[in-house]
Ligand SMILES: Nc1ncnc2c1ncn2[C@@H]1O[C@H](COP(=O)(O)OP(=O)(O)OP(=O)(O)O)[C@@H](O)[C@H]1O
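Numbering (UniProt numbering), first residue to last: 1 to 241.
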């Protein structure tokens, strides 16, 4: 479970990138964090994962406060960032073995899992190439494989489907469903309404740093259809490339 309590963040000046966000992400559900470009999704996820300090409020992941107990909190989650341009000089296999070392995954299990995951995502044959030679989608797949390799309880995914080919996107969605079915936590962000409609059990909508809505998908549809003030937001969430 993830809990945000009155979380606020400004980069500079008065404008708040995230403003008094309070939100609970339950276990056993796929939870979508939806908002147009610049709404505050990545800032929220960067605070959640301990990359950015929180100005005000608290965030707990499986009861560990990310500011007070960062190591304990970090052991419980896996994170796929929106930009997969990391560890570019490593070969794919070196990156996955590095993750295996960090999370103490026994060598025999590691080999089997790496083979399974990278075959599922169609990157097995390029594991001996440097990540910098990979396309955006392939870089994303190696990072997703790294997260799945250590199989954390809590998955935090920032725009995970952007840049994935349809087959890999389908596979990742299936894996997210399976993880939630096992009673684990899946929290992902997107600026595309259609993605949450396909995938989510529950959704939170953020706009200009503020929470506009949180609840079940049917209630979100109802809110969009009945509240005229949300029309512009709805257009921004549906009108994408
Ligand atoms: N490093 C930064 N310095 C200053 N302002 C920033 C920085 N990063 C983000 N912002 C601002 O904070 C606000 C929220 O940005 P954020 O990246 O969290 O939005 P987002 O919902 O993730 O958008 P996108 O869908 O485009 O990734 C925006 O107004 C953005 O311009």
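The beta carbon of each residue, even a glycine, is placed where N, CA and C say it ideally should be. Source: prediction; values computed, not measured.
Collapsed DSSP secondary structure at residue i in the structure displayed
i, result
"residue 39", "coil"
"residue 219", "helix"
"residue 78", "strand"
"residue 9", "strand"
"residue 55", "coil"
"residue 227", "coil"
"residue 70", "helix"
"residue 163", "coil"
"residue 238", "helix"
"residue 184", "coil"
CB of residue i within 8 Å of CB of residue j, strictly
i, j, result
"residue 147", "residue 80", "yes"
"residue 17", "residue 40", "yes"
"residue 19", "residue 210", "yes"
"residue 89", "residue 132", "yes"
"residue 55", "residue 119", "no"
"residue 173", "residue 153", "no"
"residue 24", "residue 1", "yes"
"residue 193", "residue 34", "yes"
"residue 42", "residue 82", "yes"
"residue 186", "residue 155", "yes"
"residue 73", "residue 57", "no"
"residue 78", "residue 150", "yes"
"residue 29", "residue 201", "yes"
Range of the contiguous alpha helix (DSSP H) that encloses residue i
i, result
"residue 98", "92-102"
Cross-strand partners of residue i (DSSP beta bridge)
i, result
"residue 60", "3 and 65"
"residue 147", "Bridge partners of residue 147: none, in fact."
"residue 207", "210"
"residue 189", "33 and 158"
"residue 88", "Looking at the DSSP assignment, residue 88 forms no beta bridge with any residue, so it has no partner."
"residue 202", "31 and 216"
Any chain B beta carbon closer than 8 Å to residue i
i, result
"residue 2", "Chain labels in this structure do not include chain B; a single protein chain is all it has."
Host beta strand (DSSP E) of residue i (start-end)
i, result
"residue 114", "First-last for residue 114: 107-120, but that is the alpha helix (DSSP H), not the beta strand (DSSP E)."
"residue 171", "Note, residue 171: premise wrong, no beta strand (DSSP E); alpha helix (DSSP H) at 166-181."
"residue 130", "Neither: residue 130 is in no beta strand (DSSP E) and is coded neither H nor E."
"residue 22", "16-25"
Handout entry: Inter-stretch contact (C-beta, 8 Å, three-pair minimum) for the segment 156-167 and the segment 109-120
Key = no
Practice task
Determine contact between the segment 53-71 and the segment 93-109, defined as no fewer than three beta-carbon pairs at a distance below 8 Å.
Solution key: no
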